[in-house]
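Q: I have a structure I would like to understand better, so I am pasting it below and will then ask my questions one at a time.
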Amino acid sequence: MNRLLKALLILNLEIVLLAPTCSSHKVDRGTKTNDQYWAETGLDSHELETLLADDSCLAQEQNFLACVNAINQVSERYGVTLTEQGHLRQLNSEDVANRITEKQELAGWSEKFQQTTFSFLKVWKELDQKYIQPGQRSAVIASGINGFLSIYKDPHSYIMPLAMYEEVIANSESRSANVGFIARRMKNTLLVRKVFEGSPAELAGFHKGDVILSINGQQISDLLPTQINDLLKMRDMNRIGFQILRKQGPNARNEKKYIELLRSEKTYPSVVSRVIDGRRRLGLIVLHKFSKNVCNMTKKEIIQLKEENVQGLILDLRDNPGGQVEEAACVANLFLSKGTFLFETRYLDSSKPADRYVADENPMYRGSLAVLINSGSASAAEIVAGVLKDQNRARLIGERSFGKGSFQDGRVWGANSKIAFFETEGLYYFASGWTPQLVGLTPDIQVDFNNAENQREEELFINPISPIDNWSAPQNLAWLMDRGCDEETSLINASGTWAGDQDPQVEKAQALLSCGEKHDRHGSL
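Residue numbers (our numbering): 82 to 606.
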């Protein structure tokens, strides 16, 4: 296999507490650990040592920062950090608090470029000899290479075991060997952003919005992401204890709770749906990722919801990190007329012609439509939401999206046939001519998840791709602004009882669609 699918692949946005993970990518790993996948590739240190050669690292500032990041990605796993003098020292609590993003980790290193004379290669060899175990070596080398690529090329160019791509990333089911929720690292805590239906986390009583303070008695403020993952993937520990902080209501005091859950081996589909009963019967479809066959799975859910006589549809793309371009185009087509120009991918190499994506089938659903997005909606999720917004087909509700408008082409890596190299090849643009790269999608109705800072592409990374034609015009759909109904009263059903959902973003979409108006230009069911 010389080429893989063109993909808008998984981001390093959150810690995904689904299965053993590493800090490099947001993926669920299946029953194998990250270390095991990499060990099967036999990756040795030759490629990393070539990148860390003194004549390379000290040649220019970008190379220098790439070498610092490579060492950081390796050393963090072992609780040590690189000093300005080229020594390794133990991480302290201040280091842990300040190592949330790549930008924060590299802050201050740029001004050290001219004064640095130590050997990065020597530092790597010290790490290799003192800390790295044989079964970890290939995975650690890969994290160093990916750390280098994030600065030298861009944050979304990286290497990955082919087996991991084929067995996990492209798989239409998410396998959970651990707990079943997605959390984002804040300064001294973890914020739970998504709880998977039927998962051990849901059964134990986790809620979206819970703040995790400690795991098995260890404070989050003292733990690095890699250490958190290590705690959660220990095979000899089936029960995990969490201390959490839960906000009970706008005027209520926060409550500390202890939750213990039992890990299980379970798979979760990438697409799920349910009916929301109220003044109008609505359907909710949740897409967790754009893996292989997701479009067909979405079709089945639409058919089932139509049989339930829904009068409106909510498409939930929150915390969906992306996936395959072809699946995104197919899902967008489910709601748009045949022949509609959806988007195009433009290559950084201007000699390559753009690839245009056009709806080639009639829509499956023509009724009222709302799309939920947040700061974790990225890549392929932004394609679908952006196309539906660009075509005036749906209203977006939630938070501004992540702002990853780049796509990657994958191929077998020349240095190792068991490894795929995903390289950023260009950006995608909507029919009206703009890309969400860096700017993201602005919701038509803003409904924030909480007051926590949401970090996106430009806040996280040192070297994101910056298009020369960033979109600066308003993204509002002005024709939708006059709703003509009271959204609050629209959530009171015929019997006079409240029919709202506990999720404020779902509730806002429910209120909007319950107004009884069209929120698209293609007619009703």
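Backbone N, C-alpha and C fix where the C-beta goes; we use that ideal spot for every residue, glycine too.
Check each candidate in N535, L594, F194 and A285 and name the one with the smallest Cα separation from R274.
A: Comparing Cα-Cα distances from R274 to each of N535, L594, F194 and A285, the minimum goes to N535.
Q: For V356, which residues from the same chain have a beta carbon less than 8 Å from its beta carbon, with the 5 sequence-adjacent residues on both sides left out?
A: Hits under 8 Å: R362, L363, G364, L365, L386, E389 and V391.
Q: Helix, strand or coil for G364 per DSSP?
A: Of the three classes helix, strand and coil, the one that applies to G364 here is strand, per DSSP.
Q: To the nearest angstrom, how far is it from the Cα of R474 to the Cα of H369?
A: Using only the alpha carbons, I get a separation of about 21 Å.
Q: Is the beta carbon of N319 less than 7 Å from the beta carbon of R344?
A: It is a contact, given that the beta carbons lie within the stated cut-off.
Q: Alpha carbon to alpha carbon, what distance is there between E175 and T162?
A: Near 12 Å, if we compare the C-alpha coordinates of E175 and T162.
Q: Report the CB separation of S238 from E463 in whole angstroms; it is logged as a contact under 8 Å.
A: Not confirmed; about 19 Å, so no contact.
Q: Beta carbon of S595, beta carbon of G448: below 7 Å?
A: For S595 and G448, no; Cβs fall outside 7 Å.
Q: Is any beta-carbon of chain C found at less than 7 Å from that of Q392?
A: The structure shown has no chain C; it contains just one protein chain.
Q: At the level of alpha carbons, what is the spacing between Q609 and I546?
A: Residue 609 is absent from the model: the chain starts at 82 and stops at 606.
Q: Got a sec? Which residues, its chain only, sit under 8 Å from L342 by beta carbon, not counting five neighbours each side?
A: Cβ within range, chain order: V260, P281, A282, L284, A285, F287, R320, I321 and F323.
Q: Tell me whether N497 sits in a helix, a strand or coil according to DSSP, three-state version.
A: Coil, per DSSP.
Q: Which same chain residues, not among the five before or five after L558, have their C-beta less than 8 Å away from its C-beta?
A: Because the pLDDT at L558 is just 44, under 50, the model does not fix this residue reliably, and the value given afterwards should be weighed accordingly. Hits under 8 Å: K470, N473, R476 and D525.
Q: Can you give the Cα-Cα distance for L86 and E407, rounded to whole angstroms?
A: Summary for L86: the model assigns pLDDT 49, below 50, so the residue's position carries little reliability; its value from the coordinates is reported in the next sentence. So the alpha carbons of these two residues sit roughly 9 Å apart.
Q: Where are the alpha helix (DSSP H) runs, 4 residues long or more, that stay fully inside the stretch 382 to 464, in chain order?
A: 406 to 414, all fully within the stretch 382 to 464.
Q: Return the CA-CA distance between A451 and M445, expressed in angstroms with no decimal places.
A: Each residue's alpha carbon lies about 16 Å from the other.
Q: Hey, which unbroken runs of the alpha helix (DSSP H) at 4 residues or more fall wholly within the stretch 471 to 524?
A: You should have found no qualifying run.
Q: Using a Cβ-Cβ cutoff of less than 8 Å, which residues in the same chain neighbour L271 once the five nearest sequence positions on both sides are dropped?
A: Only I96, A264, R265, V292, I293, I301 and I309 meet the Cβ criterion.
Q: Could you round the C-beta distance between I543 and I250 to whole angstroms and report it? I think they count as a contact, below 8 Å.
A: Their Cβ separation, rounded to whole angstroms, is 25 Å, which puts I543 and I250 out of contact at 8 Å.
Q: Compare the C-alpha of D209 against each of Q195, G225 and E480 and name the closest.
A: Among Q195, G225 and E480, the Cα nearest to that of D209 is on G225.
Q: If you draw a straight line from the alpha carbon of K338 to that of L326, how long is it in whole angstroms?
A: Spanning the two alpha carbons is a distance of roughly 6 Å.
Q: Using the Cβ count rule (16 or more neighbours within 10 Å means buried), how would you classify S354?
A: Burial call: buried.
Q: Span of the beta strand (DSSP E) holding F262?
A: Where F262 is concerned, the enclosing beta strand (DSSP E) stretches over F262 to R266.
Q: Report the residue from I213, I296, L305 and S351 whose alpha carbon sits nearest the alpha carbon of L313.
A: The shortest Cα separation from L313 among I213, I296, L305 and S351 belongs to I296.
Q: Measuring CB to CB, does V465 end up less than 7 Å from V412?
A: The answer is yes: Cβ separation under 7 Å.
Q: Which parts of the stretch 131 to 192 are runs of the alpha helix (DSSP H), unbroken and 4 residues or longer, counting only runs that do not cross its ends?
A: Counting whole runs of 4 or more residues, the stretch 131 to 192 contains the alpha helix (DSSP H) stretches 135 to 138, 142 to 156, 174 to 178 and 183 to 187.
Q: By Cβ distance, which residues of its chain are closer than 6 Å to K268, with the 5 residues on each side in sequence left out?
A: Closer than 6 Å at Cβ, skipping near neighbours: A178.
Q: In terms of alpha-carbon separation, which member of V221, Q586 and N150 lies closest to L124?
A: Measuring from the Cα of L124, the nearest candidate turns out to be V221.
Q: Checking 7 Å against the spacing of the C-beta atoms, do A151 and F229 come in under that value?
A: Yes.
Q: Do the stretch 133 to 147 and the stretch 187 to 204 touch if we need at least three Cβ pairs shorter than 8 Å?
A: A contact exists between the stretch 133 to 147 and the stretch 187 to 204.
Q: Taking Cβ to Cβ, would you say N414 is nearer than 7 Å to A435?
A: The answer is no: Cβ separation not under 7 Å.
Q: Could you compute how far the alpha carbon of H168 sits from the alpha carbon of R437?
A: C-alpha separation (whole angstroms): 51 Å.
Q: Between A409 and the rest of its own chain, which residues show a CB-CB distance below 6 Å, the 5 nearest in sequence each way excluded?
A: Only F371, A461, I464 and V465 meet the Cβ criterion.
Q: Beta-carbon separation of V520 and G479 under 7 Å?
A: Not a contact, by the Cβ cut-off of 7 Å.
Q: Smallest Cα separation from T182: which of K589, E539, P548 and Q583?
A: Of K589, E539, P548 and Q583, the residue nearest in Cα terms is E539.
Q: Considering only their Cβ atoms, is the gap separating N153 from E128 smaller than 7 Å?
A: Taking 7 Å as the Cβ cut-off, E128 and N153 do not qualify as a contacting pair.
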